[in-house]
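Undergrad: Before we start, here is the structure in question, set down as structure tokens.
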């Protein structure tokens with residue numbers, strides 16, 4: 001608004017000066033006012049009559065004094081990255097039906113003495129952090145030496161790893177220190193004035209990713225501080241928020257029944273297949289390799305000829321008395337005994353469906 005006001009003021013002065021010359025009966029001189037004459041440029045000056053480029057021979061209206069970068073941004077108010085200061089539209093990002101603007105938001109309000117931390121706040125989402133956006137109301141209510149930049153931000157990813165930035169650069173020994181001390185904030189943060197502060201911190205190079213519960217804690221990073229108030233809203237860009245639902249299952253990817261959707265281990269993991277290929281199954285024999293457990297057919301048909309006969313009894317007797325790793329243990333009790341012989345006799349003469 002100040003720029004527009006100054007430009008209008010200059011234009012009004014020129015008009016009044018020219019008008020005064022006409023009233024006095026004088027021929028107004030053509031006044032050359034240097035500046036950018038392209039209305040599409042960021043630094044367009046409506047009072048300018050000539051580009052202030054040093055090259056007097058350049059008659060091209062698109063002159064070198066104009067610049068088009070500082071006012072570049074998204075001008076669509078409905079976009080996630082709307083920039084109210086932009087006048088040249090560029091690269092708008094719109095809300096995703098499922099993930100919105102890919103921002104995981106936290107709100108923390110606390111009064112903290114030196115080295116003291118807030119409670120840990122939780123939110124759920126999935127993705128990789130690209131940028132952390134911070135809006136802070138800093139209250140130096142004791143008018144001491146506390147600064148807005150004393151605020152340390154600690155972010156915990158779903159795998160339990162913690163990252164921190166801000167403060168005066170003293171590691172907390174709780175999180176992975178990003179090496180970004182007070183210098184991560186704009187210069188205006190380095191001061192004790194109560195007021196509103198904002199910052200954007202680029203964490204894209206740290207590859208902080210995860211799916212699940214994210215945590216956020218703030219700390220007064222100046223050990224000698226007698227206290228200051230921090231009322232802040234912090235957004236993790238690049239994270240798709242969602243409602244967290246506990247899903248019980250096997251979370252060990254080396255298990256044969258690993259469940260990629262499970263987020264809580266319930267002790268149900270199995271690591272081997274049974275005789276018919278069932279993970280954690282109890283079938284111990286598939287003598288004809290037909291995919292049907294022998295227990296479900298005629299386990300007494302030891303020679304798999306389709307009938308329970310004398311030949312099967314003789315095979316059983318050849319293994320009689322076995323008490324470990326028995327091949328012909330009909331009742332699967334770990335040994336071949338009279339109990340197995342009785343089962344054989346009960347089925348004697350029966351026909352089996354051999355597939």
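Residue numbers (the numbering used here): 1 to 355. In this text, a Cβ means the ideal position worked out from N, Cα and C, and glycines have one as well. Note that the coordinates shown come from a computational prediction; the quantities given were computed from them, not determined experimentally.
Please give the ranges of any beta strand (DSSP E) in the stretch 152-194, keeping only runs that are unbroken, at least 3 residues long and fully inside the region.
TA: Listed in chain order, they are 162-166.
Undergrad: On the DSSP bridge list, what partners appear for residue 72?
TA: In DSSP, residue 72 forms a bridge with 88.
Undergrad: Per the contact definition of three or more C-beta pairs closer than 8 Å, is the stretch 131-149 in contact with the stretch 192-204?
TA: The answer is yes - the stretch 131-149 touches the stretch 192-204, with three or more Cβ pairs under 8 Å.
Undergrad: If distances are taken between C-alpha atoms only, which option among 254, 326, 260 and 93 comes closest to residue 77?
TA: For residue 77, the nearest C-alpha among the options comes from 93.
Undergrad: Count the other C-beta atoms from every protein chain shown that fall within 10 angstroms of the C-beta of residue 84, then say buried if there are 16 or more, exposed otherwise.
TA: The residue in question, residue 84, is exposed, as its Cβ has fewer than 16 Cβ neighbours within 10 Å.
Undergrad: How about residue 256 and residue 273: are their beta carbons less than 9 Å apart?
TA: Against a cut-off of 9 Å, the Cβ pair of residue 273 and residue 256 comes out as a contact.
Undergrad: Would you verify that the beta carbon of residue 322 is, or is not, closer than 9 Å to some beta carbon of chain B?
TA: Checking the listed chains, one finds no chain B in this structure; it contains a single protein chain.
Undergrad: Considering residue 312, what are the terminal residues of the alpha helix (DSSP H) in which it resides?
TA: Per DSSP, residue 312 belongs to the alpha helix (DSSP H) from 310-318.
Undergrad: Could you check which residue in 242, 243, 286 and 279 has the C-alpha nearest to that of residue 259?
TA: The option with the nearest alpha carbon to residue 259 is 279.
Undergrad: Look at residue 72 and residue 241 and say whether their C-beta atoms are less than 9 Å apart.
TA: Cβ atoms of residue 72 and residue 241: not closer than 9 Å.
Undergrad: For a test of the three-state rule: what should DSSP assign to residue 239, helix, strand or coil?
TA: Strand, per DSSP.
Undergrad: For a test of the three-state rule: what should DSSP assign to residue 228, helix, strand or coil?
TA: Three-state DSSP puts residue 228 in a strand.
Undergrad: Compute every distance between the C-beta of residue 282 and the non-hydrogen atoms of the ligand SAM, then say whether any falls below 8 Å.
TA: This structure lacks the ligand SAM; in fact it carries no ligand of any kind.
Undergrad: Which of the three DSSP states is assigned to residue 197 in this structure?
TA: Residue 197: strand per DSSP, three-state reduction.
Undergrad: Starting from residue 37, follow its DSSP beta bridges and name the residues at the other end.
TA: BP columns for residue 37 are empty, so no partner.
Undergrad: Starting from the Cα of residue 337, find the closest Cα among 321, 91, 352 and 351 and give me that residue.
TA: That would be 321, whose Cα lies nearest to the Cα of residue 337.
Undergrad: Is the separation between the beta-carbon of residue 184 and that of residue 115 shorter than 9 Å?
TA: No, Cβ-Cβ distance for residue 184 and residue 115 is not below 9 Å.
Undergrad: From residue 58 to residue 48, what does the alpha carbon distance come to, in whole angstroms?
TA: In this prediction, residue 58 has a pLDDT of 45, which is less than 50 and means its spatial position is unreliable; nothing more can be read from the coordinates.
Undergrad: I need the DSSP call for residue 258, collapsed to helix, strand or coil.
TA: Residue state, collapsed to three classes: coil.
Undergrad: Quick one: what's got a C-beta closer than 8 Å to residue 61's C-beta in the same chain, skipping five residues either side?
TA: A caution first: residue 61 carries a pLDDT of 46, below 50, which makes its placement in the model unreliable, though a value can still be read off. If we look at residue 61 and ignore the five residues flanking it on each side, its Cβ neighbours are 37 and 38.
Undergrad: In terms of DSSP beta bridges, what is residue 273 paired with?
TA: DSSP output for residue 273 lists 279 as bridge partner(s).
Undergrad: How would you label residue 154, buried or exposed, when you count the other beta carbons within 10 angstroms and need 16 or more for buried?
TA: Buried, since its Cβ has 16 or more Cβ neighbours within 10 Å.
Undergrad: Ignore the nearest five residues each way along the sequence and tell me which others in residue 214's own chain have a CB closer than 8 Å to its CB.
TA: So the list reads 104, 122, 123, 124, 125, 155, 156, 157, 158, 236 and 239, once near-sequence residues are dropped.
Undergrad: Can you round the beta-carbon distance between residue 269 and residue 252 to whole angstroms, since I take them to be within the 8 Å contact cut?
TA: Contact holds; Cβ gap of about 5 Å.
Undergrad: Report the residue ranges of all beta strand (DSSP E) runs contained in full by the stretch 108-149; include only those spanning at least 3 residues, in chain order.
TA: Runs of the beta strand (DSSP E) inside the stretch 108-149: 121-139.
Undergrad: Which class does residue 338 belong to by DSSP, given the choice of helix, strand or coil?
TA: Reduced to three states, the DSSP call for residue 338 is helix.
Undergrad: Going straight from the alpha carbon of residue 343 to that of residue 281, what length do you get?
TA: If I take the Cα positions, the gap works out to 24 Å.
Undergrad: Using a 10 Å radius around the Cβ and a threshold of 16 neighbouring Cβ atoms, would you call residue 310 buried or exposed?
TA: Residue 310 should be labelled exposed.
Undergrad: Could you check where the beta strand (DSSP E) with residue 216 kicks off and where it finishes?
TA: 209-220 is the extent of the beta strand (DSSP E) around residue 216.
Undergrad: How many Å lie between residue 102 and residue 171 at the Cα?
TA: Residue 102 and residue 171: Cα-Cα distance of roughly 30 Å.
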